[in-house]
Amino acid sequence: MNAVAAPTLSELRARVDQMQGRPAAQPVATHPALAGLLQLQAGGTYSVDSMSLAVTLMAGPSADGAWCGVVGTAELGLEAAAAAGVELRRTILVPDPGEAWLEVTAALIDVLGVVVLRAPAHVAPKDVSRVSARLRQRGGILIAHGDWPRSEARLSMSEVEWVGVGQGHGHLQARRATVEVRRGTAPARRRRLWMPDAAQVIRRAEDVVTAVPSEAPARLRSVS
Numbered sequence: 092m093n094a095v096a097a098p099t100l101s102e103l104r105a106r107v108d109q110m111q112g113r114p115a116a117q118p119v120a121t122h123p124a125l126a127g128l129l130q131l132q133a134g135g136t137y138s139v140d141s142m143s144l145a146v147t148l149m150a151g152p153s154a155d156g157a158w159c160g161v162v163g164t165a166e167l168g169l170e171a172a173a174a175a176g177v178e179l180r181r182t183i184l185v186p187d188p189g190e191a192w193l194e195v196t197a198a199l200i201d202v203l204g205v206v207v208l209r210a211p212a213h214v215a216p217k218d219v220s221r222v223s224a225r226l227r228q229r230g231g232i233l234i235a236h237g238d239w240p241r242s243e244a245r246l247s248m249s250e251v252e253w254v255g256v257g258q259g260h261g262h263l264q265a266r267r268a269t270v271e272v273r274r275g276t277a278p279a280r281r282r283r284l285w286m287p288d289a290a291q292v293i294r295r296a297e298d299v300v301t302a303v304p305s306e307a308p309a310r311l312r313s314v315s
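With the working numbering applied, the sequence shown closes on residue 315, and no number is skipped along the way.
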């Protein structure tokens with residue numbers, strides 16, 4: 092395993108002891124930008140359509156002391172993750188688990204609070220059940236980048252605006268987007284967020300901070 096900071100064996104054993112018997116469905120620290128939109132629960136699975144959303148979900152538990160793992164992707168931007176609140180010293184990276192992705196994911200769920208997984212194109216129902224049972228037993232959280240059956244909630248990002256480029260000059264300073272949360276058949280809930288703002292902070296778009304220029308710069312729009 093590649094790691095930003097590999098935990099010692101004693102630290103991981105302590106983590107296992109701590110998580111033994113941890114109840115599922117208990118609230119877990121969630122990024123403040125998502126307050127009122129989504130509350131993470133121990134034992135839950137959440138699917139996202141971008142690594143930016145995966146980092147946002149990971150940031151709340153990580154800043155609160157949780158160990159995290161990222162499996163099956165090299166897309167994680169370490170600088171952006173750190174700015175969002177992810178503690179890199181408590182983050183384990185496994186960018187290419189190969190066909191052993193399920194075994195690696197299950198092993199990390201045993202010892203970490205949050206696991207981000209680049210979901211395979213097809214996940215067998217028995218594998219979903221195995222992961223779900225492990226999450227409930229350990230009280231961990233799985234964040235699937237891609238489709239994952241029986242997710243507690245699905246998060247997507249749309250109406251993306253990049254801020255900072257004028258008439259052929261300047262540089263990208265911030266990104267604003269609509270984040271949508273869907274739970275089962277319930278109506279979707281949406282919120283406009285900076286992801287991130289000019290100060291590299293993920294926050295609600297209606298919040299006012301001095302880091303964002305008072306004169307609105309030109310915007311570049313994208314659909315993803």
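Don't be surprised by glycine CBs; every beta carbon is placed ideally from N, CA and C. These numbers were taken from a predicted model, which means no experiment stands behind them.
So, at 7 Å on beta carbons, what are the nonlocal neighbours of Asp218 in its own chain, with the 5 sequence-adjacent residues on each side left out?
Position 127 of the sequence shown holds residue 218. Spatial neighbours of Asp218 in its own chain (CB-CB distance under 7 Å, excluding positions within 5 residues in sequence) are listed in chain order as Leu193.
Pull up the distance between the alpha-carbon of Ala124 and that of Gln117, whole angstroms please.
The residue labelled residue 124 in the question sits at position 33 within the sequence shown. The residue labelled residue 117 in the question sits at position 26 within the sequence shown. Distance between the alpha carbons of Ala124 and Gln117 is about 20 Å.
Assuming the contact rule is C-beta atoms closer than 8 Å, Gly90 and Val185 should be a hit. Round their C-beta distance to whole Å, please.
Here the chain comprises residues numbered 92 to 315, so residue 90 is not present and cannot be evaluated.
State the Cα-Cα distance for the pair Thr182 and Leu167, rounded to the nearest angstrom.
Translated into the one-based positions of the sequence shown, residue 182 becomes position 91. Translated into the one-based positions of the sequence shown, residue 167 becomes position 76. Cα to Cα, Thr182 sits roughly 11 Å from Leu167.
Helix, strand or coil for Met248 per DSSP?
Numbered from its first residue, the sequence shown carries residue 248 at position 157. It is a strand residue.
Just to confirm, are Gly135 and Leu226 a CB contact at a threshold of 9 Å?
Position 44 of the sequence shown, counting from 1, holds the residue named residue 135. Position 135 of the sequence shown, counting from 1, holds the residue named residue 226. Yes; because the gap between Cβ atoms is below 9 Å, this pair is in contact.
Quick one: Cα of Gln264 to Cα of Glu252, how far?
The count along the sequence shown starts at 1 and reaches residue 264 at position 173. The count along the sequence shown starts at 1 and reaches residue 252 at position 161. Between Gln264 and Glu252, the C-alpha separation is close to 11 Å.
Excluding five sequence neighbours on each side, which residues of the same chain lie with their C-beta closer than 8 Å to the C-beta of Leu203?
Mapped onto the sequence shown, residue 203 falls at position 112. Closer than 8 Å at Cβ, skipping near neighbours: Arg106, Ala157, Trp158, Cys159, Gly160, Ile183, Gly231.
Output needed for Ala198: all residues of its chain with C-beta closer than 6 Å, excluding positions within five of it in sequence on either side, in chain order.
Here residue 198 is taken as the residue at index 107 of the sequence shown, counted from 1. Here the set comprises nothing.
Determine the DSSP secondary structure at Leu144, reduced to helix, strand or coil.
Locating residue 144 in the sequence shown gives position 53, counting from the first residue. Helix at Leu144.
Does the beta-carbon distance from Val292 to Arg281 come in below 9 Å?
Here residue 292 refers to the residue found at position 201 of the sequence shown. Here residue 281 refers to the residue found at position 190 of the sequence shown. Against a cut-off of 9 Å, the Cβ pair of Arg281 and Val292 comes out as no contact.
Starting from the Cα of Met286, find the closest Cα among Ala174, Leu131, Ala133 and give me that residue.
Taking the first residue of the sequence shown as 1, we reach residue 286 at position 195. With distances taken between Cα atoms, Met286 lies closest to Ala174.
Taking a contact to mean a Cβ-Cβ separation below 9 Å, would you say Ala171 touches Ser143 in this structure?
If you number the sequence shown from 1, residue 171 lands on position 80. If you number the sequence shown from 1, residue 143 lands on position 52. Closer than 9 Å, so yes.
Skipping 5 residues on each side, what residues in its chain have a beta carbon closer than 7 Å to that of Ala279?
Translated into positions along the sequence shown, residue 279 becomes position 188. Within the same chain, Ala279 has close Cβ partners Glu271, Val272, Arg273.
Alpha carbon to alpha carbon, what distance is there between His213 and Pro240?
For the purposes of this step, residue 240 is taken as residue 149 along the sequence shown, with counting starting at 1. For the purposes of this step, residue 213 is taken as residue 122 along the sequence shown, with counting starting at 1. When rounded, the distance between both Cα atoms is 10 Å.
Taking only three categories from DSSP, how would you classify Gly156?
Mapped onto the sequence shown, residue 156 falls at position 65. In the structure shown, Gly156 sits in coil (DSSP, three-state: anything other than H, G, I, E or B).
DSSP three-state label for Pro118, please.
Walking along the sequence shown from the start, residue 118 turns up at place 27. Note: Pro118 maps to strand in three-state DSSP.
What separation, rounded to the nearest whole angstrom, lies between the Cα atoms of Glu297 and Gly275?
Stepping through the sequence shown from its first residue, residue 297 is reached at position 206. Stepping through the sequence shown from its first residue, residue 275 is reached at position 184. So the two alpha carbons sit approximately 28 Å from each other.
Is it buried or exposed for Ala145, if we count other Cβ within 10 angstroms and need 16 for buried?
Here residue 145 is taken as the residue at index 54 of the sequence shown, counted from 1. With 16 or more Cβ atoms within 10 Å of its Cβ, Ala145 is classed as buried.
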